[in-house]
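Visitor: Keeping their order, the protein sequence lines are chains A and L.
Start counting the first sequence at 5; every next residue gets the next number (this note's numbering).
Start counting the second sequence at 480; every next residue gets the next number (this note's numbering).
Just so you know, even glycine gets a beta-carbon here, dropped at the ideal spot from N, CA and C.
Since we're looking at a predicted model, the values are computed, not measured.
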Amino acid sequence: MSRFKKEGGKDLPELNTASMSDIVFMFLFFFMVISTMRETSLFVVINIPKASEVQKLEKKALVSSINIGKPNQNYIKKLGPEPRIQLNDQFAETSEISEFVESEKQRRNDVDRTMITWSLKVDENVKMGVVTDVKQELRKANAFKVNYASRKDIKR
Amino acid sequence: MAKRTPALNTSSMADISFLLLTFFLLTSSINTDQGIQRKLPPPLRGDEKVPPVNRRNVLQILVNMNDQLLVNGEVVTDVHQLKNITKDFIANPNEEIHLSDKKPLYIDELNMNAMVSKGVVSLQNDRSTSYSIYVAVQDQLTLAFNELRNEYAQQNFGKSFEDLSETQKKGVQKIYPMSISEAEPSNYGGKK
C-alpha cells in the first residue's frame, strides 16, 4: 500500500455520490411501475373465491394464467354479461385454448414444458360449465397441472 | 456571502434508496399466485376401460345447479361438514362396512407396511353449479386429506407434516393418497 503513496503524493479527489441515489430511485420507480402494469390489463372482472388450503405457486416463470369472468365496464356493452375467457391480452373462445397452450409451451425450454402450471383465475360467480369446457380443452392439449386461484381465508 | 455552507454528505443516501428498492422488489414478488392445485387426468381414449371400483369404496359427491350437495345419497346442508365426512370415509377407524375398505401396502420411503384406504372421492357437478361452491368443495377435500396426513405425522413422528423430511412426506402421501376423481361433465336439470 505504501507504494501508491510514494507515487501519488496527493489525495484522490472524493467521488461525488450525490447522483447515485437518483439513479437508484429511478430503478425503484421503474420496477414499481412495471410490477403494477400487469394487473391493470385485465378485461374481465375477477373476484377469486376464498379457500383455506391454498398453496403458493413457486416459480412465477412457470405459470400461465387463464382468466374467466364477466367483461369489464368498457366491454360489457359490446359483449354482454356472459362470462368470457381472456388469454394474454385478448378475449378468446374455448377452442383457442389448445393454441394458447402450444404457444405458451413454445416460449419455455424443453425441460420446463411439462412443469407449467395453468392457473385458472375464475370469478366466483361464474358457472362451472365454462370452467369444465376449459378443463376439457386443457386435458386434450396435455396440460394437466392446474391451479384454481383463490385467496387465503383466515380459518374459522 | 460571508461563509460557504459545507457540502452535505450524501453517500449514505444511495444505501437508503437501495434498501427501499430491495424492499419493494421483495414485497411485490410476495404477491404471487396462490390457489388449490390439482392434476387433471389424461383424456379418455375410446378403447380404455375404467377399472371397476367397489361401491363402498366410492364417496360420491354431487353438486347440483342450486349449489346443493348430495353425499352418498344424503343431503348435506353445509359445505364445511364435507371435511369430516371425507376424513371418516378415508380413515374408517372402526372398520365399518359402509365406509372405505383398506389394503396393506409396502411403503418404500418409510420401510414399513401400512393399511391404505382404497377409497376414492368422486366429484360430479352440473354445468350450472357456481364456481365458488366448486372451489369450496375442493378446499374441504384438500383440508380433509391434509388433516389426515398431519394426524398421521403427529402420531408416528411427533411433528407436523410440514416438518417431515422429503422422503417421509412422500411416504405419508402414499398412505393417504389424494384420490379425487372428477366425473366427465354432465348436464342434468337445466339448460346450458
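For Ala65 (chain A), count the other beta carbons within 10 Å of its own beta carbon; 16 or more makes it buried, fewer makes it exposed. Which is it?
Guide: exposed
Visitor: Which two residues bound the contiguous alpha helix (DSSP H) that contains Met132 (chain A)?
Guide: 132-144
Visitor: DSSP three-state call for Arg606 (chain L): helix, strand or coil?
Guide: coil
Visitor: Hey, is Pro522 (chain L)'s beta-carbon within less than 8 Å of any beta-carbon in chain A?
Guide: yes
Visitor: Residues of chain A with a CB under 7 Å from the CB of Thr556 (chain L): which are they?
Guide: Near Thr556 (chain L) there are no residues of chain A at all, since even the closest Cβ is about 17 Å away, more than 7 Å.
Visitor: Going straight from the alpha carbon of Phe636 (chain L) to that of Gln59 (chain A), what length do you get?
Guide: 23 Å
Visitor: Are the segment 646-661 of chain L and the segment 75-92 of chain A in contact at 8 Å, needing three or more beta carbon pairs?
Guide: no
Visitor: If contact is defined by three or more beta carbon pairs under 8 Å, each pair taking one atom from either stretch, is the segment 611-627 of chain L in contact with the segment 557-570 of chain L?
Guide: yes
Visitor: Looking only at its own chain, which residues have a Cβ that is under 7 Å from the Cβ of Asp456 (chain L), when we skip the five neighbours before and after it?
Guide: The structure shown does not extend to residue 456 (chain L), since chain L spans only 480 to 671, so no value can be given for it.
Visitor: Of the choices A:Ser69, A:Ile101, A:Lys54, A:Phe47, whose alpha-carbon is the least far from that of Asn78 (chain A)?
Guide: A:Phe47
Visitor: Can you give me the C-alpha to C-alpha distance between Ile654 (chain L) and Ile586 (chain L), rounded to a whole angstrom?
Guide: 8 Å
Visitor: Cutting at 6 Å between CB atoms, please list the residues of its own chain near Phe104 (chain A), excluding the five before and the five after it.
Guide: Leu91
Visitor: Counting C-beta neighbours from all protein chains within 10 Å, is the total for Pro522 (chain L) 16 or more, i.e. buried, or is it exposed?
Guide: Pro522 (chain L) is exposed by the Cβ-count criterion.
Visitor: So what does DSSP say about Lys597 (chain L), is it helix, strand or coil?
Guide: Residue state, collapsed to three classes: coil.
Visitor: So, at 8 Å on beta carbons, what are the nonlocal neighbours of Gly133 (chain A) in its own chain, with the 5 sequence-adjacent residues on each side left out?
Guide: Counting only Cβ-Cβ distances below 8 Å, and skipping sequence neighbours, we find nothing.
Visitor: Rounded to the nearest angstrom, what separates Gln516 (chain L) and Leu620 (chain L) at their Cα positions?
Guide: 12 Å
Visitor: Could you pull out every residue in the same chain whose Cβ sits closer than 6 Å to the Cβ of Gln539 (chain L), ignoring the five residues on either side in sequence?
Guide: Asn551, Ser601
Visitor: In chain order, what residues of the same chain lie with their CB nearer than 8 Å to the CB of Thr98 (chain A), ignoring the 5 residues before and after it?
Guide: These residues qualify, in order along the chain: Ile89, Val134, Asp137, Val138, Glu141.
Visitor: Can you find a CB in chain A that lies within less than 8 Å of the CB of Ile515 (chain L)?
Guide: yes
Visitor: Going along chain A, which residues have a C-beta under 8 Å from Met492 (chain L)?
Guide: Taking the beta carbon of Met492 (chain L) as reference, the chain A residues within 8 Å of it are Thr21, Ala22, Met24, Ser25, listed in sequence order.
Visitor: Going along chain A in order, which residues have a C-beta closer than 8 Å to the C-beta of Gln603 (chain L)?
Guide: Result: empty, since nearest Cβ-Cβ is about 11 Å, beyond 8 Å.
Visitor: Looking at the unbroken alpha helix (DSSP H) that takes in Met83 (chain A), where does it start and where does it end?
Guide: For the sequence presented, residue 83 (chain A) should be read as Leu rather than Met. Leu83 (chain A) -> alpha helix (DSSP H) spans 80-83.
Visitor: Does the CB of Lys670 (chain L) have a neighbour CB from chain A at under 8 Å?
Guide: Residue confidence for Lys670 (chain L) is low, a pLDDT of 41 falling below 50, so the modelled location carries little weight; the figure read from the coordinates is stated next. For Lys670 (chain L), the answer is no, since every Cβ of chain A falls outside 8 Å of its Cβ.
Visitor: Quick one: which chain A residues come within Cβ less than 8 Å of Asn625 (chain L)?
Guide: Glu57
Visitor: Under 7 Å between beta-carbons, which chain A residues line up against Leu499 (chain L)? List them in chain order, please.
Guide: Ordered by position in chain A, the residues that pass the 7 Å Cβ test against Leu499 (chain L) are Leu32.
Visitor: Taking the Cβ atom as the reference point for each residue, do Thr107 (chain A) and Lys144 (chain A) lie within a distance shorter than 8 Å?
Guide: Before going on, a small fix: residue 107 (chain A) reads as Ser here, not Thr. No, these two residues do not count as a Cβ contact at 8 Å.
Visitor: Compare the C-beta of Thr565 (chain L) with all C-beta atoms of chain A and state if any pair is closer than 8 Å.
Guide: no
Visitor: Would Met657 (chain L) pass as an interface residue toward chain A - the criterion being a Cβ-Cβ separation below 8 Å?
Guide: Chain A contact via Cβ: absent.
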